[in-house]
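Protein chains: 4
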Amino acid sequence: MTVKVAVAGASGYAGGELLRLLLAHPGVEIGALTAASSAGTPLGQHQPHLAPLADRMLVETGPDTLAGHDVVFLALPHGHSAELAALLGPDVLVVDLGADHRLSDAADWRRWYGGDHAGSWPYGLPELPGGRDRLRGTKRVAVPGCYPTGGLLALAPALAAGLVRPEVTVVSVTGTSGAGRSLKPHLLGSEVMGSASAYGVAGAHRHTPEFVQGLGAVAGERVTVSFTPVLAPMPRGILTTASARLSPGADGATARSAYLDAYANEPFVQVLAPGSWPATAATIGSNNVQLQLEVDADAGRLVVVAAIDNLTKGTAGAAVQSMNLALGLPEATGLTTAGVAP
Amino acid sequence: MTVKVAVAGASGYAGGELLRLLLAHPGVEIGALTAASSAGTPLGQHQPHLAPLADRMLVETGPDTLAGHDVVFLALPHGHSAELAALLGPDVLVVDLGADHRLSDAADWRRWYGGDHAGSWPYGLPELPGGRDRLRGTKRVAVPGCYPTGGLLALAPALAAGLVRPEVTVVSVTGTSGAGRSLKPHLLGSEVMGSASAYGVAGAHRHTPEFVQGLGAVAGERVTVSFTPVLAPMPRGILTTASARLSPGADGATARSAYLDAYANEPFVQVLAPGSWPATAATIGSNNVQLQLEVDADAGRLVVVAAIDNLTKGTAGAAVQSMNLALGLPEATGLTTAGVAP
Amino acid sequence: MTVKVAVAGASGYAGGELLRLLLAHPGVEIGALTAASSAGTPLGQHQPHLAPLADRMLVETGPDTLAGHDVVFLALPHGHSAELAALLGPDVLVVDLGADHRLSDAADWRRWYGGDHAGSWPYGLPELPGGRDRLRGTKRVAVPGCYPTGGLLALAPALAAGLVRPEVTVVSVTGTSGAGRSLKPHLLGSEVMGSASAYGVAGAHRHTPEFVQGLGAVAGERVTVSFTPVLAPMPRGILTTASARLSPGADGATARSAYLDAYANEPFVQVLAPGSWPATAATIGSNNVQLQLEVDADAGRLVVVAAIDNLTKGTAGAAVQSMNLALGLPEATGLTTAGVAP
Amino acid sequence: MTVKVAVAGASGYAGGELLRLLLAHPGVEIGALTAASSAGTPLGQHQPHLAPLADRMLVETGPDTLAGHDVVFLALPHGHSAELAALLGPDVLVVDLGADHRLSDAADWRRWYGGDHAGSWPYGLPELPGGRDRLRGTKRVAVPGCYPTGGLLALAPALAAGLVRPEVTVVSVTGTSGAGRSLKPHLLGSEVMGSASAYGVAGAHRHTPEFVQGLGAVAGERVTVSFTPVLAPMPRGILTTASARLSPGADGATARSAYLDAYANEPFVQVLAPGSWPATAATIGSNNVQLQLEVDADAGRLVVVAAIDNLTKGTAGAAVQSMNLALGLPEATGLTTAGVAP
């Protein structure tokens, strides 16, 4: 038995990665592929790597074209999902890869995105405490932002166990695909190759409230987050470096133990052997998270490093993983922990 | 029913890519993983992207450790396969990813590699005329070199149809993984990033006789090949640009027709729509070949461009494709034509 | 004594490289910096690497803003230089980095660019036979295209000496800055990193007639040129691989001798020691050309490889070198042969 | 009048960059170029980008070959400079690009490097409080490590003014040339391209005590430093992201004011206009530091980002700048603030 899925926003990077994963998923049939300005052109013009779908035509994104599917993935710019989702009916599984349904606080939404708050949906990060239960059987999923995925997985066990103070710093080095296909001068190959640059610094990035919300829920208290994204010359991958001051009594052994416990049964989180440190290349194309931690005794801080593929575990892989949970399929169906390297 | 496979040379790039593909192959069980100096260490130290096999121990390469498998892949430096293969018994399927059994002419072998000629095995490029038949049911496969894979697929239809003169030029722009993991100064990241460089120019590269042999067989006459490899700053991929003077009467229409005919039923060769040109990124991690051709009327030449992933279709994917044919499995089992991009 | 120079098109890549070189030139004073849509903004917004000029304001490109300078550099899209140059007066040295004045044949111009032919100016490649004399004292310079610079320098000595047949193949691997700052999807960092791709194949690139014109003049007969540009993941650099069939009697020794003679006194062409092959990284930021040649006896062809920085020797460096000759300054003033590597 | 300079370690990346700068320095004559295992070979084999010095022979590093020079630069692995410097005589200006003379505390030296402590020399970072005076007329210079250069410049003004608490986090994204030419598997191009990875995490990197020493001196109290280096796929450049909790009463205005004051007269530190953030590409090949700061009011922290070229301002440029001060030359001689971009 297969479910029929539609992908809205099939011409973008998130949509493309989603389709690549769905092609390898034994339980789905790929239905409508929709787009905005690219409607009426074949997918092959936009996603030349998806050879099996090269001749599939893109149709206009709308309730008509998305009707008649069991699952609808929305890979759209923020602000476009809420209205569309409302028209899809309560029995359709709607998985939103955008930001519209991530923040539970309406004031947060207005401050960071503006406009009306659409409400929040179950958050597609099963590895958080209680996260898996919220996704089983749900008809609505808000896929996390790519930066929060790395940052929450890096810090949740320490905050949940009270091992660190609720004041964290996160620097996330990212590939360029996180910015999508937008034609901005600073995203030209000539500009990004050979360069590392910071942007959205000092709390200006829209993923910041998602960090604060997620970490606060885990910690059970307000957590301040100093978040800095850094653009690096690579197409994919996020390397998150997170640190926080140790709580009294916490040390390297208690920290390692907390992480090993938290992720013992997680199919997609790999706490590396001591001495090995994550590299994003090892995760490319996979849904795997590589994670390592160490206590800096001189500085009195816990340092955690996590590597993910921003388009897979950071976006489309999380969407498929969440779909599997929502539909009651084995969670890892269609996903892999083996990356494409070198 | 599954076959048990061993991989000799599991710590290298070719071995790693092979294991990545075998992990997704429903008909195989991965047995012994062997290495030379790395024997006794876990695979995860060398292939951190292969999370599912991280704890598998490497054992010494030899007839003992390779015994008891239905299929043995040899991903070894040239000169190491022949002796080992002789010890594996005639019922074992041996797939050699190295050069030892590619050249049929003993004098060619001695000139280009030196030492004794081990004889040639069926050539693992099913897309050549008669290629598929030679592989069905065989117990021995010589996987082509990565450059000849691109070059032969680019030129074979034109030479077979007599559309071009038997004097071709091939410039192949390659990623660095083709050189393997050898610690050579010119392969350091600091040297290759931001640089394109030529090497093995003017007929000096060891893949040249493989071009000459393969194209000559297709053309039915001696073909001269001017081959230049160019190292580009990317980990994977080969973009082959091949050209030759048109024969009298040949033109763009006859050329396109010859290529469409030759590759009409090939699962892994995609002749692009007119106006689209191949990019290696579209093939990464896949067994797909993207190909385009055009006649340059002013210069009187046919120009063909082909993109492959050197580690997949150029090495490990061809090995799996050949194994499938040798074992009588569906040819595409465990392989995909969807690349990992961007 | 210094000359006052203006740069039209100061916000683009060619204009930026020109300004970088002019900052180090002891004989010039940098005057007006002009732009189109960016007029009214400081240069620092567009060229953040030019710290010494960060606060200089861009003014509108036009005869008024360019008046009052001894030298005017035009780094504009093709079709914009001719009219402007006509307004600048015969005593001003006008150096056109665009295509408008490169082709001497009006029919060629119309076929490749369309519109009225502006006539040709002395060609800014002093290393060609007679090239230096044409530039001394001139008031008008047409700077060569970046691809022809590499290709003409690679092939001119062989064709001038009759060592090869007048039918050449050229494959040029280029960095992305050659395409300028245009916001095109295929130039996004996510697309170009990790990928090699061909474009303008089979005689479709506008630099082709410039090859044909330049090589024909050197050879004294019509030369056919099969030219293929390949885009590689690097910001700068062109590696040109050129080959042609040897004429009867020509061999490696006569070829090397012809190149050593041709370039013996050239300050910016370095014929490498036998066995060393050019790499673009070695030329970045410099006006140097690295060149190597070898005869492929099996294929009967001469193969020449040349590396340049497309923005320096391929554009802005050639402009400065030509200005020096036109003004009677030492030719190498403000230029270097030391690249920025690694 | 020129001074005669020798470079020990001329075949490495630091030595190569130093020679590139010295070629453009009007006050020096380049004398002996020394190496270890490469002695007896021409420089062109190791530094193909330094065309003007291609034929200069490398000689053995030792007191004999280094004798007779006014200035000796030591670009050697740590542990090799102290003994050699002792043999060079007190009148020779010795500029050590290695670590041997950076740490003033003998216990620190033993903990981090082992062996005997050679004592500390004036620190080649003129931009620190009092830094310039310590370098004027000195005969011995310890060039800072590349990471501390970025980190100290990013944090010194804030700590000196008491604007932040003495507990800082620093994440530095670096190009690969900082690791030198050592043939290590993780530095291969195939490994670094497309990947970001952390190493020396949690206080394990040898530059950590240099941070602690330098920041402590500026702050006048002990400063704890959580330092994480991240390797990114680019040959050059360090992007430093530093943050610390604001002291009571400090805010964005006081912070900006402190930085503008501290760097008002610095030729090589450029505090960017508000809203612009540093990119390493803008500094490549230059001695410039791009710096930006912002207060994150939600997190209560000051965030500072600084971009440098690790080989220029981070190593060889600082060496030349220090030499100029030591010799009484204008500080910027032979240096530029214009980077090579894109």
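Read top to bottom, the protein sequences are chains A, B, C and D. The C-terminal residue of the first sequence carries number 342 in full-length UniProt numbering, and the numbering is unbroken. The C-terminal residue of the second sequence carries number 342 in full-length UniProt numbering, and the numbering is unbroken. The C-terminal residue of the third sequence carries number 342 in full-length UniProt numbering, and the numbering is unbroken. The C-terminal residue of the fourth sequence carries number 342 in full-length UniProt numbering, and the numbering is unbroken. Virtual Cβ for every residue (Gly too), placed ideally from N, Cα, C.
Exercise. Within this structure, are the beta carbons of residue 345 of chain C and P278 of chain C separated by less than 8 angstroms?
Worked result: For chain C, the structure presents residues 1 to 342; residue 345 of chain C sits outside this window and is missing.
Exercise. Curious, which full-length beta strand (DSSP E) runs of at least 3 residues does the UniProt domain "Semialdehyde dehydrogenase NAD-binding" (4–136) of chain D contain?
Worked result: 28–35, 71–74, 93–96
Problem set entry | Below-8 angstroms beta-carbon distance, L125 of chain C vs any chain B residue | Not one chain B Cβ lies under 8 angstroms of L125 of chain C.
Exercise. Name the chain D residues that come within less than 8 angstroms of Y13 of chain B, Cβ to Cβ?
Worked result: S190
Exercise. Are the C-beta of A194 of chain A and some C-beta of chain C separated by less than 8 angstroms?
Worked result: Ala is not the amino acid found at residue 194 of chain A; the sequence shown has Gly there. It does; some Cβ of chain C falls within 8 angstroms.
For this session: For T176 of chain C, return the contacting residues in chain A, with the cut-off set at a CB-CB distance below 7 angstroms.
Result: The answer, in chain order, is G189, S190.
For this session: Would you kindly work out how many angstroms separate the C-alpha atoms of A318 of chain D and A338 of chain D, rounded to a whole number?
Result: If I take the Cα positions, the gap works out to 15 angstroms.
For this session: Measure how close the beta-carbons of N287 of chain B and Q321 of chain B come, nearest whole angstrom, since I'm counting them as under 8 angstroms.
Result: 6 angstroms
For this session: With 8 angstroms as the threshold, decide whether the Cβ of P235 of chain B is near any Cβ in chain D.
Result: So yes, P235 of chain B belongs to the interface.
For this session: Could you list which residues in chain D have their beta carbon closer than 7 angstroms to that of R56 of chain C, in chain order?
Result: None at all; the shortest Cβ gap to chain D is about 13 angstroms.
Exercise. Since R140 of chain A sits in a beta bridge, which residues does DSSP pair it with?
Worked result: DSSP, once it has assigned bridges, lists A:V94 as partnering R140 of chain A.
Exercise. Within 10 angstroms of its Cβ, does M234 of chain A collect 16 or more other Cβ (buried), or is it exposed?
Worked result: buried
Exercise. At a CB-CB cut-off below 9 angstroms, which residues of chain B make contact with R181 of chain D?
Worked result: P185, L188, S190, E191
For this session: Use the C-beta contact count for A309 of chain B: other C-beta atoms within 10 angstroms, 16 or more gives buried, fewer gives exposed.
Result: Per the sequence presented here, residue 309 of chain B reads as Asp, with Ala not at that position. When all chains shown are included, D309 of chain B counts as buried.
For this session: Rank C:F227, C:L159, C:V3 by C-alpha distance to the C-alpha of R245 of chain C and give the top, closest one.
Result: C:L159
For this session: Keeping to the same chain, check which residues put their C-beta closer than 7 angstroms to that of L187 of chain C; ignore five residues upstream and five downstream.
Result: The beta carbon of L187 of chain C sits closer than 7 angstroms to those of T176, A179, all from its chain and outside the five residues before and after it, given in chain order.
Exercise. Straight-line CA distance for D100 of chain B to M323 of chain B?
Worked result: 18 angstroms
Problem set entry | Assumed close pair E296 of chain A, A202 of chain D - CB separation to whole angstroms, cut-off 8 angstroms | This sequence places Asp at residue 296 of chain A; Glu is not what is there. Contact holds; Cβ gap of about 4 angstroms.
Problem set entry | Of the listed residues C:L302, C:L103, C:L97, nearest to A217 of chain C (C-alpha basis) | Nearest C-alpha to A217 of chain C: C:L103.
Exercise. Terminal residues of the continuous alpha helix (DSSP H) containing S190 of chain C?
Worked result: 189–192
For this session: Mind checking which residues open and close the alpha helix (DSSP H) that includes S257 of chain C?
Result: Where S257 of chain C is concerned, the enclosing alpha helix (DSSP H) starts and stops at 252–262.
For this session: Using the Cα positions of L88 of chain D and L66 of chain D, report the straight-line distance between them to the nearest angstrom.
Result: 8 angstroms
Exercise. Can we say the region 24–38 of chain C touches the region 110–127 of chain C, given the rule of at least three CB pairs closer than 8 angstroms?
Worked result: no
Exercise. With distances taken between CB atoms, is the gap from A255 of chain B to L311 of chain B smaller than 8 angstroms?
Worked result: Taking 8 angstroms as the Cβ cut-off, A255 of chain B and L311 of chain B do not qualify as a contacting pair.
Exercise. In terms of residues, what are the limits of the alpha helix (DSSP H) holding P148 of chain C?
Worked result: Looking at the DSSP string, the run of the alpha helix (DSSP H) that includes P148 of chain C is 146–160.
Problem set entry | Sequence-distant residues of its chain with Cβ nearer than 7 angstroms to L302 of chain D (five each side left out) | A158, L163, V164, S243, A244, L246, A255, L293, V295
Exercise. What residues in the region 47–75 of chain D have a beta carbon less than 7 angstroms from any beta carbon of chain C?
Worked result: P48, H49, L50, A51, P52
Exercise. Using a beta-carbon distance cut-off of less than 9 angstroms, what residues from the region 238–260 of chain C approach chain D?
Worked result: none
Exercise. Does the Cβ of K184 of chain D have 16 or more other Cβ atoms within 10 Å, making it buried, or fewer, making it exposed?
Worked result: Exposed.
Exercise. Which residues does DSSP pair with F227 of chain D in a beta bridge?
Worked result: D:V170
Problem set entry | Collapsed DSSP secondary structure at A204 of chain A in the structure displayed | DSSP places A204 of chain A in coil when its eight states are reduced to three.
Problem set entry | Within chain D, partners of D226 of chain A - CB distance below 7 angstroms | The sequence shown places Ser at residue 226 of chain A, rather than the Asp named in the question. Under the 7 angstroms cutoff, chain D gives S243, D296, A299, R301, V303.
Exercise. Would you call P129 of chain C buried or exposed, if buried means 16 or more other Cβ atoms sit within 10 Å of its Cβ?
Worked result: Burial check for P129 of chain C: the Cβ neighbour count within 10 Å stays below 16, so the residue is exposed.
Exercise. By how many angstroms is the C-alpha of A86 of chain C removed from the C-alpha of T149 of chain C?
Worked result: 26 angstroms
For this session: Hey, could you find the ends of the beta strand (DSSP E) L183 of chain C is sitting in?
Result: Counting along the chain, L183 of chain C falls outside any beta strand (DSSP E), and DSSP gives it neither H nor E.
Problem set entry | Outcome for E210 of chain B when other beta-carbon atoms lying within 10 angstroms are tallied against a minimum of 16 | buried
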